[in-house]
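Chains as they are written, first to last, in our numbering: chain A, 6 to 340; chain S, 62 to 366; chain G, 55 to 304.
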Amino acid sequence: MTVFRDRFTGNDKAMLDRLARRHRLEPVEALPWIAAVTAGFVFSDYLALLAQILATIVFALSVDLVLGYAGIVTLGHAAFFGAGAYTAGLLAANGWGEPLSGLLAAAIAAGAIGLVSGAVILRTSGLTLLMQTLMVAAMLYELANKAHRFTGGADGLQGMQVWPIFGLFRFDMFGRTAFLYCLVVLFLCWLIVRMVVQSAFGRSLTGIRENALRMHAIGAPVSRRKLIVYTLSAALSGVAGALIAQTTQFVDLGVLSLERSGAILIMLIIGGVGQLYGAFIGVPLYMIAQDRFATVDPVNWYFWIGLFMVLLVIFVRGGVLGAIARMRGRIGARK
Amino acid sequence: MMRPTPIAVDAQVPHMSEIAFAAISVTFHGLTLAMVLYLISVGLSVTMGLMGFVNLAHGAFAMAGGYVMTTLMNRWDLDFAWALLIAVAVVVAASLVLERLLYRRFYGGNELDQVLLTMGLIFLSVGAATYVWGPLTQPMRPPAVLSGQISLFGRSLPAYRTFLIGCGAVIVTALWIGLERTRMGTQLRAAVDNLRMAETLGINTSRLFAAAFGLGSGLAAVGGGLGADVLAISPSYALDNLVYFLIVVAVGGLGSIRGPFFAALVVGLADTAFKYFIPEFGAFFMYALTMAILLRCPAGIFGRT
Amino acid sequence: MNRAIETVRLCRNFGGIIVADAIDFRMDPGARHALIGPNGAGKTSFINLVSGALQPSSGGIRLGGEDITALSQAQRVKRGLVRTFQINALFRRLSVLDNVTLAIAERHGFAADFIRSCGRHRAAIDESYATLEQLGLAQDALKPVTDLDYGRQRMIEIAIALGLKPKVLLLDEPAAGVSTGDVGSIIKVIERLPETIAVLLIEHDMDLVFRIARRITVLVGGRVLIEGTPELIARDPQVRRVYLGERRRP
Numbered sequence: 006m007t008v009f010r011d012r013f014t015g016n017d018k019a020m021l022d023r024l025a026r027r028h029r030l031e032p033v034e035a036l037p038w039i040a041a042v043t044a045g046f047v048f049s050d051y052l053a054l055l056a057q058i059l060a061t062i063v064f065a066l067s068v069d070l071v072l073g074y075a076g077i078v079t080l081g082h083a084a085f086f087g088a089g090a091y092t093a094g095l096l097a098a099n100g101w102g103e104p105l106s107g108l109l110a111a112a113i114a115a116g117a118i119g120l121v122s123g124a125v126i127l128r129t130s131g132l133t134l135l136m137q138t139l140m141v142a143a144m145l146y147e148l149a150n151k152a153h154r155f156t157g158g159a160d161g162l163q164g165m166q167v168w169p170i171f172g173l174f175r176f177d178m179f180g181r182t183a184f185l186y187c188l189v190v191l192f193l194c195w196l197i198v199r200m201v202v203q204s205a206f207g208r209s210l211t212g213i214r215e216n217a218l219r220m221h222a223i224g225a226p227v228s229r230r231k232l233i234v235y236t237l238s239a240a241l242s243g244v245a246g247a248l249i250a251q252t253t254q255f256v257d258l259g260v261l262s263l264e265r266s267g268a269i270l271i272m273l274i275i276g277g278v279g280q281l282y283g284a285f286i287g288v289p290l291y292m293i294a295q296d297r298f299a300t301v302d303p304v305n306w307y308f309w310i311g312l313f314m315v316l317l318v319i320f321v322r323g324g325v326l327g328a329i330a331r332m333r334g335r336i337g338a339r340k
Numbered sequence: 062m063m064r065p066t067p068i069a070v071d072a073q074v075p076h077m078s079e080i081a082f083a084a085i086s087v088t089f090h091g092l093t094l095a096m097v098l099y100l101i102s103v104g105l106s107v108t109m110g111l112m113g114f115v116n117l118a119h120g121a122f123a124m125a126g127g128y129v130m131t132t133l134m135n136r137w138d139l140d141f142a143w144a145l146l147i148a149v150a151v152v153v154a155a156s157l158v159l160e161r162l163l164y165r166r167f168y169g170g171n172e173l174d175q176v177l178l179t180m181g182l183i184f185l186s187v188g189a190a191t192y193v194w195g196p197l198t199q200p201m202r203p204p205a206v207l208s209g210q211i212s213l214f215g216r217s218l219p220a221y222r223t224f225l226i227g228c229g230a231v232i233v234t235a236l237w238i239g240l241e242r243t244r245m246g247t248q249l250r251a252a253v254d255n256l257r258m259a260e261t262l263g264i265n266t267s268r269l270f271a272a273a274f275g276l277g278s279g280l281a282a283v284g285g286g287l288g289a290d291v292l293a294i295s296p297s298y299a300l301d302n303l304v305y306f307l308i309v310v311a312v313g314g315l316g317s318i319r320g321p322f323f324a325a326l327v328v329g330l331a332d333t334a335f336k337y338f339i340p341e342f343g344a345f346f347m348y349a350l351t352m353a354i355l356l357r358c359p360a361g362i363f364g365r366t
Numbered sequence: 055m056n057r058a059i060e061t062v063r064l065c066r067n068f069g070g071i072i073v074a075d076a077i078d079f080r081m082d083p084g085a086r087h088a089l090i091g092p093n094g095a096g097k098t099s100f101i102n103l104v105s106g107a108l109q110p111s112s113g114g115i116r117l118g119g120e121d122i123t124a125l126s127q128a129q130r131v132k133r134g135l136v137r138t139f140q141i142n143a144l145f146r147r148l149s150v151l152d153n154v155t156l157a158i159a160e161r162h163g164f165a166a167d168f169i170r171s172c173g174r175h176r177a178a179i180d181e182s183y184a185t186l187e188q189l190g191l192a193q194d195a196l197k198p199v200t201d202l203d204y205g206r207q208r209m210i211e212i213a214i215a216l217g218l219k220p221k222v223l224l225l226d227e228p229a230a231g232v233s234t235g236d237v238g239s240i241i242k243v244i245e246r247l248p249e250t251i252a253v254l255l256i257e258h259d260m261d262l263v264f265r266i267a268r269r270i271t272v273l274v275g276g277r278v279l280i281e282g283t284p285e286l287i288a289r290d291p292q293v294r295r296v297y298l299g300e301r302r303r304p
């Protein structure tokens with residue numbers, strides 16, 4: 006086999022060297038974590054809310070995998086989020102409150118549903134696929150409602166008892182344990198997602214997104230790749246749901262609702278899809294705004310968030326990250 | 062999720078006559094729902110199929126029609142017919158303005174942008190409706206001549222819903238005849254079939270889009286207004302019923318004008334039957350049925366692959 | 055010696071429309087074969103059938119002696135059967151380099167690797183860059199595909215195909231939509247293709263066809279009209295009749 010490595014010199018070599026290194030960790034990537042820890046100290050009264058935000062970022066990351074990278078538009082990811090939430094919730098409400106194994110069980114349950122439903126529906130695309138994702142989530146919702154003797158139905162699951170992590174860290178009233186728990190889990194999930202999107206597999210997902218027809222024509226097993234990322238995404242969504250369940254010690258039907266699927270989509274689009282960090286921007290923006298409105302002016306939340314979304318899509322394409330990229334481009338050009 | 066108006070049932074021991082009653086009742090109310098769903102969803106099908114625009118906020122036009130009509134009737138004592146006509150006119154005018162100023166920029170564009178835009182519009186509609194009319198559902202009081210019961214097939218059925226079915230049938234027939242016989246109808250059929258070809262034939266597509274959009278919104282307003290009894294008019298209308306509108310469009314076939322009618326029949330009858338016989342769990346079978354249909358015919362019953 | 059490509063009574067119809075009518079086609083390894091015919095003759099459909107994008111109604115396809123009729127597109131690509139598209143089918147928002155690297159990654163088999171960062175597959179990146187150099191695209195390597203003009207995008211089509219190291223290459227109108235100035239570079243690229251590759255070329259540009267092809271098949275209405283050397287085809291009265299007025303590129 007021809008070895009190309011030594012052929013390139015000078016500028017060519019420098020460029021290729023840079024390319025090979027482009028996925029190394031950059032200093033700016035520490036920002037979200039510094040921000041999170043700082044927020045934990047500065048807003049110590051809001052640790053419960055911050056924990057929820059962190060857990061929701063896990064959810065948004067998982068949706069970004071299928072939406073931003075593989076180009077699969079889904080309005081039904083609440084199915085996996087809710088499956089994870091109910092798995093962790095039911096375990097904790099029926100005698101097994103160990104949180105970490107609860108997370109694992111949630112990931113497996115949600116991943117299994119993702120695998121089975123994905124195998125059935127991923128061969129379609131466009132509106133049909135969107136509808137099928139909706140249908141899966143809607144059916145799970147009805148099932149959870151019907152089984153209200155176990156799930157608590159619309160009233161919610163009662164009697165969850167989550168044990169201390171490692172037997173040491175109790176979930177306290179102030180949310181400190183919850184916050185750190187979610188932060189660590191988010192960090193681990195982020196590592197996984199980052200690894201996947203920067204791998205050759207992740208690149209091939211963007212190929213599927215950009216031109217699935219061409220991917221077939223270069224020998225890629227497109228259906229298999231889509232199913233793998235869909236299953237992984239489902240598992241991560243399940244983890245997010247379990248985090249919410251365990252840290253609030255409550256699960257109700259809302260975890261499976263269309264509102265949940267829609268909201269996470271909105272948060273991600275606001276932040277910017279397919280760029281890994283959109284989740285870190287869109288989720289806090291949306292949830293903090295929603296929280297503020299809930300206290301100040303709950304009636305008009307829908308109006309103002311609706312207006313914001315419309316204005317955003319008219320004037321700022323590509324979400325916040327897209328706007329930042331364009332500004333950097335303009336600054337670079339001016340230099 | 063949609064919660065339709067419950068149907069009165071009082072069966073203790075199912076006799077043959079009870080089963081017959083159930084069948085007639087389900088068919089009747091199913092047809093009513095089907096009419097309303099079709100009137101609202103046909104515009105959505107055309108918008109998505111012709112303009113390539115995912116208008117999730119389409120239900121807001123139906124809601125607006127319902128709100129305007131009921132307000133005119135309840136607060137200003139207008140006649141039923143006038144209230145309906147004015148409601149339709151208002152919604153059509155508003156939708157044409159919206160199309161020109163806002164929607165037009167997103168035709169054939171990025172799907173996610175369209176999703177964000179139309180979801181934002183849904184939220185705006187929820188917020189605006191709550192602000193103006195409050196969170197409760199608007200009562201629909203049909204005129205005296207249309208209320209009460211009438212006798213049909215040996216049964217006593219609500220007069221208003223009978224009127225609704227009849228009215229719906231007339232409108233649908235007029236729509237389909239218009240599609241075949243009028244110039245705009247022919248242009249619409251051509252454009253849905255092959256847009257680029259239609260353009261080269263000299264059809265002014267942007268005017269056609271606007272006209273189609275207005276027509277679709279007007280029909281939605283009719284569906285929302287007439288059907289205020291079937292799909293309750295409340296601020297969350299567009300969200301509550303979104304799934305059912307999408308089901309009708311997806312099952313009927315994107316861009317098709319006749320397809321959603323048969324899809325609406327299936328959805329209306331099936332949903333009513335499921336909810337009648339399996340009240341707490343009926344919706345599950347509706348979704349399962351939809352999944353099955355879409356697995357068998359991914360492009361919808363009348364869609365093209 | 056096995057044929058590179060062989061189709062046996064290959065048929066495909068859409069309802070009443072017959073797109074391929076019992077096509078018997080043969081191509082040897084290292085061949086330079088052109089497929090010509092009027093618009094609507096079924097040339098692209100033939101490529102779709104051979105590459106696996108379209109399923110035949112009946113008939114068989116053999117690649118290097120092996121029956122591939124039941125294999126998927128991707129499976130045929132793995133066996134060395136590669137096609138390009140008449141209208142550019144590129145990964146639009148990815149860079150030129152990424153477009154080719156994706157193909158090389160599939161060929162090497164590490165495209166499913168979800169652990170190692172793709173920058174680590176240095177050999178593939180280098181090979182991709184080298185391929186771009188060969189086609190004169192190196193200076194555009196990091197630009198998104200949409201930044202390039204159509205003619206150069208057409209070259210990327212070929213670059214992707216070359217990255218797959220094909221044994222059989224199906225070129226669907228490589229010069230389509232390309233300005234007269236740029237056609238020359240495309241011809242040069244095709245001429246420089248290794249002798250080991252069997253090339254099937256669909257083209258309307260007769261200059262290109264007669265420069266490259268050593269054998270020509272004429273397809274009309276989904277059926278093979280005639281097959282032979284360029285000299286034979288140029289002289290044949292049936293072909294002249296079919297082609298009267300169509301010898302210039304549209």
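Think of the CB as a built atom: it goes at the ideal place given N, C-alpha and C, for glycine as much as any other residue.
Where residue i falls: helix, strand or coil (DSSP)
i              : result
H87 (chain G)  : strand
E60 (chain G)  : strand
F363 (chain S) : coil
M201 (chain S) : coil
F174 (chain A) : strand
V256 (chain A) : coil
V73 (chain G)  : strand
R66 (chain G)  : strand
M81 (chain G)  : strand
P340 (chain S) : coil
P289 (chain A) : helix
V176 (chain S) : helix
Listed by chain order, chain S residues near residue i by CB distance under 7 angstroms
i              : result
M140 (chain A) : Y348, T351, M352
Beta-carbon separation (whole angstroms), residue i vs residue j, contact threshold 8 angstroms
i              : j             : result
G322 (chain G) : A74 (chain G) : This structure gives no information on residue 322 (chain G), because the portion of chain G shown stretches from 55 to 304.
V272 (chain G) : G91 (chain G) : 6 angstroms
A183 (chain A) : A53 (chain A) : 7 angstroms
I269 (chain A) : H28 (chain A) : That pair is no contact at about 26 angstroms.
Option nearest residue i by Cα separation, candidates the options
i              : options                        : result
T200 (chain G) : G:V293, G:F264, G:V150, G:P220 : G:V150
P198 (chain G) : G:L148, G:A192, G:F164         : G:L148
I233 (chain A) : A:G246, A:F206, A:L218, A:V318 : A:F206
H87 (chain G)  : G:R265, G:S126, G:L186         : G:R265
L111 (chain S) : S:R357, S:A271, S:G284         : S:A271
D226 (chain G) : G:I240, G:F139, G:E245         : G:F139
A353 (chain S) : A:G94, A:Q137, A:A84, A:E103   : A:Q137
S278 (chain S) : S:V151, S:T351, S:I339, S:N135 : S:V151
I101 (chain S) : S:H90, S:V87, S:T88, S:F122    : S:F122
Chain-ordered neighbours of residue i on chain A, where CB pairs are closer than 7 angstroms
i              : result
G173 (chain G) : L24, A25, R26, R27, H28
Contacts of residue i in chain A (Cβ-Cβ under 9 angstroms)
i              : result
V131 (chain G) : H221, A222, I223, G224, A225
T191 (chain S) : V304, N305, Y307, F308
G342 (chain S) : It should be noted that the sequence gives Phe, not Gly, for residue 342 (chain S). In chain order: E147, L148, N150, K151.
9 angstroms Cβ cut-off: residues of chain S touching residue i
i              : result
L343 (chain A) : Any answer about residue 343 (chain A) is impossible in this case: the structure gives chain A only from 6 up to 340.
Under 8 angstroms by beta carbon: chain G residues contacting residue i
i              : result
S130 (chain A) : Ordered by position in chain G, no residue passes the 8 angstroms Cβ test against S130 (chain A), which lies about 16 angstroms from the chain.
For this session: Give, in chain order, every residue of the stretch 145 to 165 of chain S whose Cβ lies closer than 8 angstroms to some Cβ of chain A.
Result: L163
For this session: Could you run through the stretch 13 to 27 of chain A and flag, in chain order, every residue whose CB is less than 8 angstroms away from some CB of chain G?
Result: F13, D17, M20, L21, L24, A25, R26, R27
Exercise. What are the residues of the stretch 96 to 121 of chain S that lie near chain A, defined by any Cβ-Cβ distance shorter than 8 angstroms?
Worked result: M109, V115
Problem set entry | Selection of the stretch 189 to 216 of chain A by Cβ proximity to chain G, strictly under 8 angstroms | Answer in chain order: M200, V201, Q203, S204, A205, F206, G207, R208, S209, T211, G212, E215, N216.
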